[in-house]
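The sequence shown maps to residues 18 to 209 in my numbering.
See structure below.
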Amino acid sequence: MTDITGGFEVTVHGTIEGAECLEASMLYARSVLVMGKDWGYAATASGERADHSEVVTQMSERLPGPQAKFSWNAPFAFALKSSNLSGWPQLAIAVSTLQRNGKDSPIGYARCHVPFQRGRKTLDLPLMQPVHSTPQHSLHGSLTGSLPELRDMTFLCSGEDRVVMSAKRLPGYVRVSFDVVITGLEEHGYSS
Numbered sequence: 018m019t020d021i022t023g024g025f026e027v028t029v030h031g032t033i034e035g036a037e038c039l040e041a042s043m044l045y046a047r048s049v050l051v052m053g054k055d056w057g058y059a060a061t062a063s064g065e066r067a068d069h070s071e072v073v074t075q076m077s078e079r080l081p082g083p084q085a086k087f088s089w090n091a092p093f094a095f096a097l098k099s100s101n102l103s104g105w106p107q108l109a110i111a112v113s114t115l116q117r118n119g120k121d122s123p124i125g126y127a128r129c130h131v132p133f134q135r136g137r138k139t140l141d142l143p144l145m146q147p148v149h150s151t152p153q154h155s156l157h158g159s160l161t162g163s164l165p166e167l168r169d170m171t172f173l174c175s176g177e178d179r180v181v182m183s184a185k186r187l188p189g190y191v192r193v194s195f196d197v198v199i200t201g202l203e204e205h206g207y208s209s
């Protein structure tokens with residue numbers, strides 16, 4: 018991230034609303050904002066950095082009913098500046114549960130770009146789960162009850178080495194809503 022003196026501004030207020038997932042009876046979510054090197058946080062009127070993008074929700078129990086739904090309604094907000102569309106911001110989300118021994122156990126991951134249109138948008142992000150890369154790792158995971166996990170969620174948003182990761186699609190999704198305001202884009206030759 019760099020200090021941006023000119024450029025356009027993207028302001029986002031959003032909510033990690035909830036999820037549908039059959040893999041656990043209790044879940045929580047954690048989000049991380051990922052952006053390109055030409056992007057930076059915009060300052061507020063008080064001069065502070067406008068960044069409330071990293072969210073950890075409360076633990077939610079599965080809601081009663083036939084579907085495996087979870088509700089969080091966890092807000093996030095951030096304001097960014099850039100002079101380049103490259104590296105448009107993305108949100109990476111990990112959905113986790115607690116094992117019997119109290120250890121954190123990631124169930125799945127999701128990611129999306131911040132919508133490029135102004136206004137309100139609600140997205141259902143499909144969940145994916147990394148799988149063991151070798152039969153030995155798979156056997157070890159079966160014996161210990163551990164799933165493969167990403168050490169760094171920002172890996173989901175990079176295009177370089179993601180093709181080497183093996184993953185399966187999980188039934189379910191994470192629902193995220195965005196309220197997006199984009200200013201100054203037209204002055205820099207772009208249209209939204």
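Ideal Cβ positions, reconstructed from N, Cα and C, are used throughout, including at glycine.
Predicted, not measured: the structure shown is a model, and the values here were computed from it.
Taking all protein chains in view, the Cβ of ALA60 is surrounded by fewer than 16 other Cβ atoms within 10 Å, so the residue is classified as exposed. When secondary structure is reduced to three states using DSSP, LEU167 falls in the coil class, being assigned neither helix nor strand. The beta carbon of LYS185 is closer than 6 Å to those of GLN146, VAL148 in its chain, skipping five residues each way along the sequence.
Here PRO188 carries a strand assignment [DSSP, helix/strand/coil].
ASN101 and GLY24 have their C-alpha atoms roughly 8 Å apart. With fewer than 16 other CB atoms across the displayed protein chains lying within 10 angstroms of its CB, GLY176 is exposed.
A distance below 8 Å separates the beta carbons of ALA36 and PHE87. DSSP assignment within the segment 30-113 yields the following whole beta strand (DSSP E) runs of 3 residues or more, N-terminal first: 43-51, 56-58, 86-99. Annotation for GLY104: MET52, GLY53, LYS54, ASP55, TRP56 place their beta carbon closer than 8 Å to its own, counting only its chain and skipping 5 residues before and after. Between ARG137 and VAL198 a beta carbon distance of about 11 Å is seen, past the 8 Å cut, so the two are scored as non-contacting.
Rounded to whole angstroms, GLY125 and SER77 show a C-alpha spacing of 15 Å. In the three-state DSSP reduction, GLN116 falls in the coil class, being neither helix nor strand. Counting every other CB atom within 10 Å of its CB across the protein chains shown gives TYR58 a total of 16 or more, marking it as buried. In this structure, DSSP gives PHE172 a helical state, which the three-state scheme calls helix. Listed as beta-bridge partners of TYR126 by DSSP are ALA111, MET145. CA-to-CA, the gap between SER208 and PHE195 works out to about 19 Å. As the crow flies, the alpha-carbon of TRP89 is around 29 Å from that of LYS98.
For ALA111 and GLU204, the gap between their C-alpha atoms comes out near 36 Å. Listed in chain order, the non-local C-beta contacts of VAL49 below 7 Å within the same chain comprise GLU71, ALA109, MET170, THR171, local neighbours out to five positions each way being set aside. Between PRO188 and PHE95, the alpha-carbon positions lie close to 30 Å from each other.
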